[in-house]
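Protein chains in written order, with my numbering: chain Z, 119 to 564; chain B, 39 to 267.
Read through the structure below, which is laid out as structure tokens, and then see the notes.
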Amino acid sequence: MMNNHQIIDEDEVLFKPIYQTGSGFYFLAAALFTVLLFGVIMYIRQFIYGLGMTGMNEPVTWGFYIISFVFFIGISHAGTLISAILRLSKAEWRRPITRMAEVITGIVLLIGGLHPIIDLGRPDRILHIFERGRLQSPLLWDMTSITAYFTASTIYLYLPLIPDIALLRDRGGRFNKLYQILSWGYEGTERQKHVLERAINILMIMVIPIAISVHTVISWIFSMTLQPGWHSTIFGPYFVVGAIFSGIAALIIVMIVFRKVFHFEDYLKKIHFTYLGTLLLVMSLLWFYFTFAEYLTTYYGHEPTEMRVFLYKFTGGYSPFFWLMVICNFIIPLVFLSNKKLKTIPGILIASIAVVIGMWLERLIIVIPSLANPRLPFPTGIYVPSLTEISLLAAATAAFILGFMGFSKLFPLISIWEIKEGREESVHVVSERLNEYLPSKGHIRK
Amino acid sequence: MPRYGMVIDLNKCTECEACITACKLENNVQIVSKENADMGRTMYWMKMLSTDVEGVYPDVRPVNIPMLCFQCDEPPCTKVCPVRATYKREDGIVAQIYPQCIGCRYCMANCPYTVKSFNWFKDEQKVENEKCNNIDVSVRPKGVVEKCTFCIHRLQKAKEKAKSEHRKLQEGDYVPACAEVCAAHAIYFGDLDDPESEVSKVKHDYRKFTLQEELGTKPKVYYLSAKAE
């Protein structure tokens, strides 16, 4: 690797966020930190006084925390899964996208994985899970798969980061000690490149089944119970589809924001958003198909306990949320993404924001109505989240943005070496690959 | 090994709710504040379930049946517990281990009968009330799940008493508070596997039913229907 400090790199824009920090950054960071701090204070209050600080009651014993848990873990599928699939299918347009996708996974898994602990009545006894955990409980499966996913996806984020860290190390400047440690003496020799590539290839294949298992297992927490509305075989794939769906939407939002803030227009071109937008549209249709199949089966079967939950969603107390979810997850993406005139970057951004909101609502629609309509006719209370729960949701969102801001000050948000590699090799490699597919000219079989 | 169970004769039940009161006092079940009660956080180990309304307007009467943990033979709650804080004992009682519970409330979500309660707050009762507590039953800390245990502490006591008297446990030695207090003798309690016990005789009544039988949880609390008069 060339020692290119002092020299203006052709990809200087990508280094810029690390070295230059505007005042807006500090203001935003301070604001977000306040939100985060408020959330922490509210949590400490809940820790001291008990879970009664939330709005949860009986029979709605799971609320915002579990919704956020499912939602954030769902977002995490953006990352690693999409990046792995794109890498695996040798999609050349993946190069500027993969890094951001992987960072989303890392941050969001940390936040999402914390939520079940926030939800515990006795967080001080969390170690009981290790001491006397029962592997028969879906919660244990869940913990296992999330831990595996977190480990795999952080390594998968870290490995392609090594050449970039080496670039930063060679430039000198602040945090050089950190970069020196983290780059593991990477110099870009043939052998190192080969080893790195092999490691990335192995991980990218490993990560896909792990990612799918994570959300399947989360869905099993619900579907393994006997609750009407939960006890359904479709839940595994339904959750995975929803997760990838919300993940892509979150990824698009992050990409558009950073494109604007750090002037990545030259790297994240319209074509990237068009492709991702198409992918989002496909997932939206798939999501609708699953939702339709799930509810039609319930309705046609007309089992009384199931119907109570069904009607609660369609016409009862939760119908505004239900129909808003349908609008956000299906109608808005359909309108904006299937119409050429509307499929601009702002249009795609609107669709993505709608999907993120819609998918949060979907988790709400799954968790609450089933609990609020138990099998036996008990008088049921209405679940209204308390300030504690709302501020913790805000804190989780703030933590997500803060995590990203922190990352952008340490490491490049777009994989620089992969961009360089693409520039040097892609055209050649792709045209060679193309020649393999195409029938040879003028060749007549006898 | 005995297999404890209960039969509630709804023909005899007058819905006086003495069983509920007795249960609440016997087991030191938390009396929550008014605000929490309004939020739907009341705690009962035994409660009334309004199943139906009888009669023609304006002469109507709600049909209530007393309900407690059914101590299922195939309990859905113990299956999902991540730390074995709830488990089925050999004598068929589904017990709770309060110091082990992490408060994830998964068992509550999976109970088809919604009989479990959660300690949302620490027990807020006045100090002078504390001396009325039953010393045989621990007061649960905040953040754990609790439910009816068929007054398991009474079984312990009865066993010890029988042992000190050098005899075996007999029928009637161990009876939960609700069955003991029932003025109408509507609640039978005993060993379901013992063909001689009253409860297993009553159990074979043609009026017998259990709630949500189709779920296959095999409850050990049976009802005798009131409609066959």
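Ideal placement from N, C-alpha and C gives every residue a C-beta, glycine not left out.
Residues near residue i in its chain [Cβ-Cβ closer than 8 Å; skip 5 each side]
{"i": "Z/Phe353", "result": "Ser337, Trp338, Phe340 and Ser341"}
{"i": "Z/Ile283", "result": "Tyr297, Leu300, Ser301, Tyr304 and Phe529"}
{"i": "B/Asn102", "result": "Glu53, Met86, Leu87, Ser88 and Thr89"}
{"i": "Z/Leu206", "result": "Met322, Ile323 and Ile326"}
{"i": "B/Pro179", "result": "Tyr136, Asn157 and Lys160"}
{"i": "B/Asn148", "result": "Pro114, Cys115, Lys117 and Val118"}
{"i": "Z/Ile537", "result": "Asp129, Leu132, Arg213, Pro214 and Tyr385"}
{"i": "B/Ala196", "result": "Leu207, Asp211 and Tyr212"}
{"i": "Z/Ile468", "result": "Ile450 and Phe454"}
Rounded Cβ spacing between residue i and residue j (contact assumed at less than 8 Å)
{"i": "B/Arg192", "j": "B/Gly130", "result": "Incorrect: roughly 15 Å between the Cβ atoms, too far for contact."}
{"i": "Z/Phe470", "j": "Z/Ile370", "result": "At residue 470 of chain Z the sequence reads Ser, which differs from the Phe that was named. So it is a contact: roughly 4 Å between Cβ atoms."}
{"i": "B/Leu253", "j": "B/Pro150", "result": "5 Å"}
{"i": "Z/Arg163", "j": "B/Val121", "result": "Their Cβ separation, rounded to whole angstroms, is 25 Å, which puts Z/Arg163 and B/Val121 out of contact at 8 Å."}
{"i": "Z/Leu455", "j": "Z/Gly521", "result": "That belief does not hold up - the Cβ atoms of Z/Leu455 and Z/Gly521 are roughly 28 Å apart, past 8 Å."}
{"i": "Z/Gln509", "j": "Z/Gly157", "result": "Going by the sequence as given, residue 509 of chain Z is Ser instead of Gln. About 5 Å; that satisfies the 8 Å criterion."}
{"i": "B/Val219", "j": "B/Ala56", "result": "5 Å"}
{"i": "B/Glu51", "j": "B/Ala222", "result": "Strictly speaking, residue 51 of chain B in this sequence is Cys, with Glu absent from that position. Confirmed, Cβ separation roughly 6 Å."}
{"i": "B/Glu73", "j": "B/Thr255", "result": "Actually they are not in contact, since the Cβ atoms of B/Glu73 and B/Thr255 sit about 34 Å apart, beyond 8 Å."}
{"i": "B/Asn49", "j": "B/Ala217", "result": "Going by Cβ atoms, the distance from B/Asn49 to B/Ala217 rounds to 16 Å, so no, they are not a contact pair."}
{"i": "B/Tyr82", "j": "B/Ser202", "result": "The Cβ separation is near 34 Å, so there is no contact."}
Closest by C-alpha distance to residue i, when choosing among the options
{"i": "B/Asp243", "options": "B/Gly254, B/Lys185, B/Tyr261 and B/Leu249", "result": "B/Tyr261"}
{"i": "Z/Val221", "options": "Z/Lys538, Z/Tyr555 and Z/Met523", "result": "Z/Met523"}
{"i": "Z/Leu429", "options": "Z/Ile389, Z/Asn491, Z/Ile471 and Z/Glu480", "result": "Z/Asn491"}
{"i": "Z/Arg292", "options": "Z/Ile136, Z/Ser271, Z/His381 and Z/Asp260", "result": "Z/Ile136"}
{"i": "Z/Ala329", "options": "Z/Cys446, Z/Ile162, Z/Ser263 and Z/Asn294", "result": "Z/Ser263"}
{"i": "Z/His546", "options": "Z/Leu132, Z/Gly465 and Z/Glu210", "result": "Z/Glu210"}
{"i": "Z/His195", "options": "Z/Thr462, Z/His333, Z/Trp259 and Z/Phe156", "result": "Z/His333"}
{"i": "Z/Ser526", "options": "Z/Phe382, Z/Leu511, Z/Thr265 and Z/Asp127", "result": "Z/Phe382"}
{"i": "Z/Val358", "options": "Z/Ile191, Z/Thr462 and Z/Ala147", "result": "Z/Ile191"}
{"i": "B/Ile225", "options": "B/Val183, B/Val91, B/Lys241 and B/Lys72", "result": "B/Lys241"}
{"i": "Z/Ile463", "options": "Z/Ile475, Z/Pro495, Z/Arg481 and Z/Lys378", "result": "Z/Lys378"}
{"i": "Z/Ala270", "options": "Z/Leu238, Z/Ile320, Z/Asp237 and Z/Ser255", "result": "Z/Ile320"}
{"i": "Z/His420", "options": "Z/Ile445, Z/Pro346, Z/Glu130 and Z/Gly434", "result": "Z/Pro346"}
{"i": "Z/Asp242", "options": "B/Leu63, B/His223, B/Gln134 and B/Gln138", "result": "B/Gln138"}
{"i": "Z/Leu511", "options": "Z/Tyr167, Z/Ile184, Z/Pro487 and Z/Gln138", "result": "Z/Ile184"}
{"i": "B/Pro257", "options": "B/Leu48, B/Leu230 and B/Arg245", "result": "B/Leu230"}
{"i": "Z/Gly434", "options": "Z/Ile389, Z/Thr172 and Z/Pro487", "result": "Z/Pro487"}
{"i": "Z/Thr307", "options": "Z/Lys295, Z/Ile280, Z/Asn294 and Z/Ser331", "result": "Z/Ile280"}
{"i": "Z/Leu253", "options": "Z/Val335, Z/Gly465, Z/Gln310 and Z/Arg541", "result": "Z/Val335"}
Same chain, Cβ closer than 6 Å to residue i, five either side skipped, listed in chain order
{"i": "Z/Trp478", "result": "Phe189"}
{"i": "Z/Tyr356", "result": "Phe408"}
{"i": "B/Val153", "result": "Cys107 and Lys185"}
{"i": "B/Val175", "result": "Asn65, Asn66 and His191"}
{"i": "Z/His123", "result": "Confidence is the limiting factor: at Z/His123 the pLDDT is only 48, short of 50, which leaves the residue's position unreliable and the question unanswerable from this model."}
{"i": "B/Asn171", "result": "Asn66"}
{"i": "Z/Ile193", "result": "Val226, Ser364, Gly365 and Ala368"}
{"i": "Z/Phe380", "result": "Pro135"}
{"i": "Z/Ala361", "result": "Gly192, His195 and His333"}
{"i": "Z/Leu258", "result": "Gly251"}
{"i": "B/Val182", "result": "Tyr136, Cys139, Gly141 and Asn157"}
Own chain, CB closer than 7 Å to residue i, minus 5 neighbours either side, in chain order
{"i": "Z/Ser533", "result": "Arg213, Thr216, Arg217, Pro278 and Asp282"}
{"i": "B/Phe188", "result": "Tyr42, Gln109, Ile131 and Pro214"}
{"i": "Z/Ile483", "result": "Lys431, Tyr436, Phe439, Phe440 and Met443"}
{"i": "Z/Ile318", "result": "Leu277 and Pro278"}
{"i": "B/Ser71", "result": "Glu162"}
{"i": "Z/Glu480", "result": "Gly360, Met443 and Asn447"}
{"i": "B/Thr80", "result": "Val70"}
{"i": "Z/Leu154", "result": "Ala513, Ala516, Ala517 and Leu520"}
State whether the segment 320-330 of chain Z contacts the segment 194-202 of chain Z, with contact taken as three or more CB pairs (one from each stretch) at a distance under 8 Å. yes
Touch check for the segment 304-317 of chain Z and the segment 241-255 of chain Z: three-plus C-beta pairs under 8 Å? no
Within the segment 423-470 of chain Z, ranges of the alpha helix (DSSP H) (whole runs, at least 4 residues): Runs found: 437-444 and 450-455.
Does the segment 224-234 of chain Z come within contact of the segment 515-529 of chain Z, defined as at least 3 CB pairs closer than 8 Å? yes
Using a Cβ distance threshold of 8 Å, determine whether the segment 449-459 of chain Z contacts the segment 395-408 of chain Z, with at least three qualifying pairs required. yes
Whole alpha helix (DSSP H) elements within the segment 148-224 of chain Z, 4-residue minimum: Whole alpha helix (DSSP H) segments, 4+ residues: 182-206.
Sufficient close CB pairs (3 or more, under 8 Å) joining the segment 140-150 of chain B to the segment 179-195 of chain Z: yes
Which runs of the alpha helix (DSSP H), 4 residues or longer, sit entirely within the segment 106-171 of chain B? 114-118, 144-148 and 165-168
Could you say if the segment 231-241 of chain Z and the segment 530-550 of chain Z meet the contact criterion of at least three C-beta pairs nearer than 8 Å? no
Return the chain-ordered ranges of every alpha helix (DSSP H) run that is complete within the segment 240-322 of chain Z and spans a minimum of 4 residues. 246-250, 256-276, 280-289 and 294-300
Would you mind listing the alpha helix (DSSP H) stretches within the segment 321-381 of chain Z that are 4+ residues and don't spill past its ends, in chain order? 353-379
Ignoring anything shorter than 4 residues or poking outside the segment 49-103 of chain B, list the alpha helix (DSSP H) runs there in chain order. Fully enclosed alpha helix (DSSP H) runs of 4 or longer: 56-64 and 72-76.
Uninterrupted beta strand (DSSP E) stretches inside the segment 459-546 of chain Z (no shorter than 3 residues): none
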